[in-house]
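Numbering (the UniProt record's numbering), first residue to last: 1 to 450.
In what follows, a structure is listed as structure tokens, so that the remarks can point back to it.
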């Protein structure tokens, strides 16, 4: 009687269909579980172990591995003329499974292989593609239509086919961190090695490439101040060809002047007075005054020699040997300097070298002397003409740049200053050839730009 009453109580009171019966049975089983302990039935997420989770994350890289394989080497499904499932659908599922099996096979190696290394291993590809063909064929045998095949294929994974071999794919978090650190250190070492190789290659290329010239629209670097010690005055002096032929450079002039100051003070004073008297008559011919007074008083018509036409000072040919008995053409005769005029010559050259107008004038004078250094070294210009041209060019440049605060203008106007020096040298040579006193030319009466 009690059993009957219980059956009546549990009997469905509405909807005697299959769905109502299933729900009633489920409710009765849940009520039975609630009387005792809580149900320990694992959920779907709990049933998946760490190895399956790691495999599910790894098979996502299947397309990348399959793209590295040549199309001609990929597996193909067998053709079945009586099948209702299109062959293209089966080939799509097979390609997906082939990439996943290729990833799992690469991870089973020790150490795990990357895509290029996995593709290069024929045994690994044979194993992966064989498993993919077997799994797709098993899925094809369980389906009778195209729609069922598509629904089941969407849930098929390569990890389901080889679940027993996935245990080694799971690694503890600590081991993963160690592997990541080791991989990071290896990558850093590779990057450092590549950077060092690139630097070495760049240095080798720079050493092989010639130095490029500055473009026309780019300004050169600021001028570097010239140093007096850079000029080799001793090497610039020509070798004397006789007892009556001598050329005095700045060092010899200063030494002779020092000796004359001790031994011949009266002679030096007489020489200065004589040179001043010689310059007096020429000053009344309407010539304009010049800033180079010390050089004008000593330059005479007998001491200035004619010079050839000089197109450029940088491209002058070197002096060649002269045959015996022939007159040298590269070296012109230079008149001897009297010993009594050594004091006057020293005063003239010292006045031309001294920065009378300041450091800017000294830099300009040094620039001009550097341009005349080659002529003086080859013996194509005398020491007197050298001092006169230096003083005149310095005076002319300083008249134009009297308000300059530095000598940087020599960088942009270097060609103009060189042209001015050539004009003065050429004019002195023409004046000496025509017999005009050099004192008149040095005063600037007929000098270019004077």
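From the three backbone atoms N, C-alpha and C, an ideal C-beta is built for every residue, glycine too.
7 Å Cβ cutoff met for residue i and residue j
i	j	result
residue 371	residue 418	yes
residue 94	residue 158	no
residue 368	residue 421	yes
residue 361	residue 398	yes
residue 71	residue 91	no
residue 385	residue 428	yes
residue 476	residue 156	Residue 476 is absent from the structure shown; the chain starts at 1 and stops at 450.
Neighbour flag for residue i against chain C, beta carbons, 7 Å
i	result
residue 101	The structure shown contains no chain C; it is built from a single protein chain.
Cα-Cα separation between residue i and residue j, rounded to whole angstroms
i	j	result
residue 39	residue 23	At residue 39, the pLDDT of 48 sits below 50, so the modelled position is not reliable; the number obtained from the coordinates is stated separately. Cα-Cα distance, rounded: 18 Å.
residue 423	residue 403	25 Å
residue 181	residue 193	18 Å
residue 60	residue 200	41 Å
residue 203	residue 195	12 Å
residue 390	residue 209	41 Å
residue 84	residue 191	55 Å
residue 149	residue 82	15 Å
residue 7	residue 29	15 Å
residue 117	residue 179	19 Å
residue 2	residue 11	14 Å
residue 330	residue 197	Per-residue confidence for residue 330 stands at a pLDDT of 39, beneath the threshold of 50, marking its modelled position as unreliable; no derived number is given.
residue 383	residue 396	20 Å
residue 432	residue 380	13 Å
residue 141	residue 80	12 Å
residue 74	residue 25	51 Å
residue 392	residue 412	20 Å
residue 112	residue 69	18 Å
residue 67	residue 154	21 Å
residue 377	residue 205	40 Å
residue 152	residue 86	15 Å
residue 415	residue 207	31 Å
residue 407	residue 375	24 Å
residue 123	residue 184	30 Å
residue 410	residue 430	28 Å
residue 18	residue 126	50 Å
residue 57	residue 100	10 Å
residue 130	residue 20	47 Å
residue 5	residue 143	48 Å
residue 187	residue 110	19 Å
residue 359	residue 434	37 Å
Whole-number beta carbon distance between residue j and residue i, since they are thought to touch under 8 Å
i	j	result
residue 98	residue 146	In fact, because the Cβ distance is near 21 Å, the residues do not count as touching under 8 Å.
residue 161	residue 135	5 Å
residue 128	residue 107	Actually they are not in contact, since the Cβ atoms of residue 128 and residue 107 sit about 11 Å apart, beyond 8 Å.
residue 62	residue 89	Wrong, their Cβ atoms sit about 18 Å apart, outside the cutoff.
residue 120	residue 64	At roughly 15 Å, the Cβ-Cβ gap does not stay under 8 Å, so residue 120 and residue 64 are not in contact.
residue 394	residue 365	5 Å
Endpoints, alpha helix (DSSP H) assigned at residue i
i	result
residue 381	No alpha helix (DSSP H) contains residue 381, which DSSP labels as neither H nor E.
residue 63	62–67
residue 85	No alpha helix (DSSP H) contains residue 85, which DSSP labels as neither H nor E.
residue 73	Where residue 73 is concerned, there is no enclosing alpha helix (DSSP H), given that its DSSP letter is neither H nor E.
residue 79	It is not in any alpha helix (DSSP H) - residue 79 carries neither H nor E in the DSSP assignment.
residue 115	115–119
residue 408	Per DSSP, residue 408 belongs to no alpha helix (DSSP H) and is neither H nor E.
residue 147	146–153
residue 415	414–434
residue 7	2–10
residue 111	Unbroken run through residue 111: none, as it is neither H nor E.
residue 130	122–142
Any non-hydrogen atom of the ligand GTP within 6 Å of residue i CB
i	result
residue 30	The ligand GTP is not part of this structure, which contains no ligands at all.
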